[in-house]
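Novice:
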Amino acid sequence: SHNAGVSNAITITAYDTYNNVATGYTGDKNLVFSGANASPSPATNPTATNKTSTAIDFGSTTVVTFASGAGTSTMKLYKAESASVNVTDGSITATSHELAVTVSATTKNKLLFGTQPSTPVTAGATWTSFTIKITDIYGNQTTDTDNVVIAPSSGSFASGTTTRAAVSGLATFNDMTYTTAATITVSGTSGALTATGASSNVVVNPATASYLSVTGTASQAAGASNAITITAYDTYNNVATGYTGDKNLVFS
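The sequence shown maps to residues 480 to 731 in the numbering used here.
Structural data, given as structure tokens:
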């Protein structure tokens, strides 16, 4: 077991069908490694070094020099997972003799959205919960419990808990409301950690109509015409754009 991004010296040994080391298996061999995955963010492929100590991505040909049936390489895995590292030279493989490696997240480094805020939402309505992860430099979720603070790109949330302590590296926001009709984004911060950056767009639509407003010329001569506009607003003073069609009004 080791942390993501840490070098791991490995030995590849060739055996005959009777489990003897195949000492005649010598020279440069074209190997292909598999069994581990790229990290989440950024996507960083697992690697193993070739005979010149150059790191080669898993899935690509890696030339390793063997002597008396054994060759060495230095492997780096970047995704926190239980990997099962296999290797083949095109004719024989390590199937059933893979190297089991438990890869753990390294030191906390940044915040990433686990789930994005949903869209659209209605002004004043409680948002569907969304999450922010504390991750290492490769995007693997850590187990840290730091406070995570969220803010909208414009204005402020009308209600809800904007500071949440992460649980095993995951902060959940499940009670947010926003009352201004607009298109906004959300970002998260936590001390010295790299912030999330902007979320995907959240479209906040007006709520249902709550009152009417009449506008027109403030003074006029008796009997003269005065063009007026009647506008419907929701309870948060957004124009109620869903208030459409013919309406039976009574003026007074």
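The C-beta atom is built at its ideal place from N, Cα and C for all residues, glycine as well.
Thinking residue 500 and residue 539 are a contact (beta carbons under 8 angstroms), I'd like their distance in whole angstroms, please.
Specialist: Incorrect: roughly 27 angstroms between the Cβ atoms, too far for contact.
Novice: So who's on the other strand from residue 631, going by DSSP bridges?
Specialist: Partner(s): 665.
Novice: Excluding five sequence neighbours on each side, which residues of the same chain lie with their C-beta closer than 8 angstroms to the C-beta of residue 706?
Specialist: Hits under 8 angstroms: 695 and 696.
Novice: Could you give the distance in angstroms between the alpha-carbon of residue 575 and the alpha-carbon of residue 485?
Specialist: Roughly 25 angstroms separates the two Cα atoms.
Novice: Between the alpha carbons of residue 704 and residue 683, how many angstroms are there, rounded?
Specialist: Answer to the nearest angstrom: the Cα atoms are 38 angstroms apart.
Novice: Given a threshold of 16 other Cβ atoms within 10 Å of its Cβ, counted over all protein chains shown, does residue 506 qualify as buried or as exposed?
Specialist: The residue in question, residue 506, is exposed, as its Cβ has fewer than 16 Cβ neighbours within 10 Å.
Novice: Pop quiz: residue 609 and residue 594 are said to be a contact at Cβ under 8 angstroms. What is the actual Cβ separation, rounded to whole angstroms?
Specialist: The pair is a contact, with the Cβ atoms about 5 angstroms apart (cut-off 8 angstroms).
Novice: Going by DSSP in three states, residue 677 sits in which element: helix, strand or coil?
Specialist: Three-state DSSP puts residue 677 in coil, outside helix and strand.
Novice: Where does residue 507 fall in DSSP's three states?
Specialist: Three-state result, residue 507: strand.
Novice: Bridge partners of residue 709, per DSSP?
Specialist: According to DSSP, which records beta bridges pairwise, residue 709 is partnered with 693.
Novice: Counting only the same chain and skipping the five closest in sequence on each side, list residues whose C-beta sits under 7 angstroms from that of residue 623.
Specialist: Cβ within range, chain order: 587, 613, 645 and 648.
Novice: Could you give the distance in angstroms between the alpha-carbon of residue 516 and the alpha-carbon of residue 559?
Specialist: So the alpha carbons of these two residues sit roughly 9 angstroms apart.
Novice: Based on the DSSP secondary-structure assignment, which residues constitute the bridge partners of residue 494?
Specialist: Answer is 500.
Novice: On the DSSP bridge assignment, give the partners of residue 775 in chain order.
Specialist: There is no way to answer for residue 775, as the model of the chain reaches only from 480 to 731.
Novice: Residues in its own chain within less than 6 angstroms of residue 554 by CB, not counting five upstream and five downstream?
Specialist: Correct list, in chain order: 487, 489 and 527.
Novice: Our contact map puts residue 581 next to residue 561 with C-beta atoms below 8 angstroms; I'd like the distance itself, whole angstroms only.
Specialist: Rounded, the Cβ-Cβ distance is 5 angstroms, consistent with contact.
Novice: Can you grab the Cα-Cα spacing for the pair residue 739 / residue 571, in whole Å?
Specialist: Residue 739 is absent from the model: the chain starts at 480 and stops at 731.
Novice: Could you pull out every residue in the same chain whose Cβ sits closer than 7 angstroms to the Cβ of residue 631, ignoring the five residues on either side in sequence?
Specialist: Result list for residue 631: 657, 663 and 665, in chain order.
Novice: Just to confirm the assignment, what range does the beta strand (DSSP E) spanning residue 642 have?
Specialist: Looking at the DSSP string, the run of the beta strand (DSSP E) that includes residue 642 is 642-644.
Novice: Report buried or exposed for residue 728, applying the criterion of at least 16 other Cβ atoms within 10 angstroms of its Cβ.
Specialist: When all chains shown are included, residue 728 counts as exposed.
Novice: Measuring CA to CA, which of 675, 670, 606 and 676 is closest to residue 654?
Specialist: Nearest of 675, 670, 606 and 676 to residue 654, Cα basis: 606.
Novice: Which stretch, first to last residue, makes up the beta strand (DSSP E) that contains residue 718?
Specialist: Taken as a continuous stretch (DSSP letters only), residue 718 belongs to no beta strand (DSSP E), as it is neither H nor E.
Novice: Does the Cβ-Cβ distance between residue 671 and residue 621 come in under 7 angstroms?
Specialist: No, Cβ-Cβ distance for residue 671 and residue 621 is not below 7 angstroms.
Novice: According to DSSP, residue 684 sits in a beta bridge with which residue or residues?
Specialist: Residue 684 is bridged to 601.
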